[in-house]
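Numbering (the working numbering), first residue to last: 31 to 318.
Please read the structure below before turning to the comments.
Okay, structure coming up:
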């Protein structure tokens, strides 16, 4: 067994914080001890989700142009002055950062972004929210899953938001709206302005306990029984594990799926409260 935090096909480590890396190592070992697979899954809903969506390894036509855009960003010589309002960057980089470095460290790796694509493709939400845009690669996957739905994505840094807009233009994605500014200030009014519920929310805006739970509570007021919430990096730190535990315990939550890299949350009425810890098989697992 080899330890590669956020490595392999799931992408590079989020940062160089040694305490976080050590925490993730032990968190992953604990996860492996209790994680299961399709065998013994007695929930028809979760079994179908796991076998046909989570572990699906086929390609969709939308993937190639988005990955071409990723390669272009990784090769970009451009630099941006970055305002980082969250807890997700511990790379030691200053305010001026290379676009290539942002694409390498902050953008979601293909396997994770493509999982989000498949989830959106499966549940067909009318409105998708993404809390944390970065360069727009993950947003592109969320938007490309269905051109008929609306994606509202939130980015704190104006210069990064401008780079994301270039991504959306390059990929000809017309169903994305980007909201600029501190998420503490922009999320509540954006939720209030939605014409309908928050059908699908990807939380990747701030990797600390209190903001994560606050954003969860704000979005919870706009969910339905069919809404899907996805939380990134649920084992990234002790704080994020505390936030994940509180989310699982919330009375509105009926089903959760811990995939280590992300946590899936469902609110299905009539479903008994169940929590699943499942490993990603074969090439999906970048740690082993």
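Glycine included, C-beta positions come from ideal geometry on N, C-alpha and C.
These numbers come from a predicted model, not from an experiment.
1) Output the residue ranges of the alpha helix (DSSP H) runs that lie fully inside the region 42-93 and measure 4 residues or longer, sorted by chain position.
2) In the DSSP assignment, find the unbroken alpha helix (DSSP H) run with residue 169 in it and report its ends.
3) Between the C-alpha atoms of residue 151 and residue 176, what's the straight-line distance to the nearest angstrom?
4) Thinking C-beta only, is residue 293 closer than 7 Å to residue 264?
5) If I'm right that residue 160 touches residue 232 with Cβ under 8 Å, what's the distance once you round it to whole angstroms?
6) Could you name each continuous alpha helix (DSSP H) segment of 4 residues or more that falls completely within the region 251-310, going from the start of the chain to the end?
7) By alpha-carbon positions, which one of 269, 66, 276, 254 ends up nearest to residue 309?
8) Drop a sphere of 10 angstroms on the beta-carbon of residue 45, count the other beta-carbons inside from all chains shown, and report buried for 16 or more, exposed for fewer.
9) Would DSSP call residue 239 helix, strand or coil?
10) Quick one, are the C-beta atoms of residue 221 and residue 170 less than 7 Å apart?
11) Should residue 253 go down as buried or exposed, given a rule of 16 or more other Cβ atoms within 10 Å for buried?
12) Rounded to a whole number of angstroms, what is the C-alpha to C-alpha distance between residue 28 and residue 193?
13) DSSP puts residue 208 in a beta bridge; with which residues?
14) I need the straight-line Cα distance from residue 53 to residue 262, nearest angstrom please.
15) Find the nearest neighbour of residue 51 within the set 286, 267, 302, 276, judged by alpha-carbon distance.
16) Helix or strand or just coil, what does DSSP make of residue 111?
17) So is residue 61 buried or exposed if we call it buried at 16+ other beta carbons inside 10 Å?
18) Hey, residue 255 and residue 297: beta-carbon distance below 7 Å or not?
19) Helix, strand or coil for residue 99? Go by DSSP, reduced to three states.
20) As a quick exercise: from 164, 271, 94, 218, pick the residue whose alpha carbon is nearest that of residue 174.
21) Which residues does DSSP list as the beta-bridge partners of residue 157?
22) What are the start and end residues of the alpha helix (DSSP H) that includes residue 125?
23) Could you work out which residue in 257, 146, 197, 153 is closest to residue 289 when comparing CA atoms only?
24) With DSSP collapsed to three states, give me the class of residue 119.
25) Can you tell which of 130, 128, 89 has its C-alpha closest to the C-alpha of residue 140?
26) To the nearest angstrom, how far is the alpha carbon of residue 196 from that of residue 106?
27) Looking at residue 273 and residue 224, is the spacing between their C-beta atoms short of 7 Å?
28) Would you mind reading off the limits of the alpha helix (DSSP H) that contains residue 137?
29) The ligand MN and residue 290: does the residue's C-beta get closer than 6 Å to at least one heavy atom of that ligand?
30) Please go through the same chain and pick out, in chain order, the residues whose beta-carbon is closer than 6 Å to the beta-carbon of residue 162, but skip the five residues on each side of it.
Short version:
1) List check, alpha helix (DSSP H) in window: 48-64, 74-79.
2) Counting from one through the chain shown, the residue named residue 169 turns up at place 139. Where residue 169 is concerned, the enclosing alpha helix (DSSP H) stretches over 167-174.
3) Within the chain shown, the letter at position 121 stands for residue 151. Within the chain shown, the letter at position 146 stands for residue 176. Going by C-alpha positions, residue 151 is about 7 Å away from residue 176.
4) Locating residue 264 in the chain shown gives position 234, counting from the first residue. Locating residue 293 in the chain shown gives position 263, counting from the first residue. For residue 264 and residue 293, yes; Cβs fall inside 7 Å.
5) Taking the first residue of the chain shown as 1, we reach residue 160 at position 130. Taking the first residue of the chain shown as 1, we reach residue 232 at position 202. Contact flag correct, Cβ pair sits at about 5 Å.
6) For the region 251-310, whole alpha helix (DSSP H) runs of length 4 or above, ordered along the chain, are 268-279.
7) Numbered from 1 along the chain shown, position 279 holds the residue referred to as residue 309. Cα-wise, what sits closest to residue 309 is 66.
8) The sequence position of residue 45 within the chain shown is 15, counting from 1. A caution first: residue 45 carries a pLDDT of 45, below 50, which makes its placement in the model too unreliable to give a value.
9) Looking up residue 239 in the chain shown gives position 209. The answer is helix: DSSP assigns residue 239 an H, G or I state.
10) If you number the chain shown from 1, residue 221 lands on position 191. If you number the chain shown from 1, residue 170 lands on position 140. Contact: no.
11) Reading the chain shown from its first residue, position 223 is the one you call residue 253. It counts as buried.
12) This structure does not reach residue 28, given that the chain is present from 31 up to 318, and the question cannot be answered.
13) Translated into the one-based positions of the chain shown, residue 208 becomes position 178. BP columns for residue 208 point to 183.
14) Taking the first residue of the chain shown as 1, we reach residue 53 at position 23. Taking the first residue of the chain shown as 1, we reach residue 262 at position 232. Put simply, the backbone Cα of residue 53 is about 16 Å away from that of residue 262.
15) Position 21 of the chain shown holds residue 51. Checking every option, the nearest Cα to that of residue 51 belongs to 267.
16) Position 81 of the chain shown, counting from 1, holds the residue named residue 111. Judged by DSSP in its simplified three-state form, residue 111 adopts strand.
17) The residue given as residue 61 occupies position 31 in the chain shown. The residue in question, residue 61, is buried, as its Cβ has 16 or more Cβ neighbours within 10 Å.
18) Locating residue 255 in the chain shown gives position 225, counting from the first residue. Locating residue 297 in the chain shown gives position 267, counting from the first residue. Yes; because the gap between Cβ atoms is below 7 Å, this pair is in contact.
19) If you number the chain shown from 1, residue 99 lands on position 69. Per DSSP, reduced to three states, the secondary structure at residue 99 is helical.
20) As a working note, residue 174 is residue 144 in the chain shown. Comparing Cα positions, the closest option is 94.
21) On the chain shown, residue 157 is found 127 positions in, with the first residue counted as 1. Checking the DSSP bridge columns, you'll see residue 157 partnered with 180.
22) Translated into the one-based positions of the chain shown, residue 125 becomes position 95. First-last for residue 125: undefined, no H or E at that position.
23) Along the chain shown, read from residue 1 onward, the residue named residue 289 stands at position 259. Selected option, being the one with the closest Cα: 146.
24) Working through the chain shown from its first residue, we reach residue 119 at position 89. Because the pLDDT at residue 119 is just 48, under 50, the model does not fix this residue reliably, and the value given afterwards should be weighed accordingly. Three-state result, residue 119: coil.
25) In the chain shown, residue 140 corresponds to position 110, counting from 1. The alpha carbon of residue 140 has as its nearest neighbour, out of 130, 128, 89, the alpha carbon of 89.
26) Here residue 196 corresponds to residue number 166 of the chain shown, with the count starting at 1. Here residue 106 corresponds to residue number 76 of the chain shown, with the count starting at 1. Each residue's alpha carbon lies about 13 Å from the other.
27) Position 194 of the chain shown, counting from 1, holds the residue named residue 224. Position 243 of the chain shown, counting from 1, holds the residue named residue 273. Going by C-beta atoms, residue 224 is not nearer than 7 Å to residue 273.
28) By one-based count along the chain shown, residue 137 stands at place 107. It is not in any alpha helix (DSSP H) - residue 137 carries neither H nor E in the DSSP assignment.
29) The ligand content of the structure shown is nil, which means the ligand MN is not present either.
30) Here residue 162 corresponds to residue number 132 of the chain shown, with the count starting at 1. Here residue 162 has 234, 235 as same chain residues with Cβ atoms under 6 Å from its own Cβ, once five neighbours each way along the sequence are excluded.
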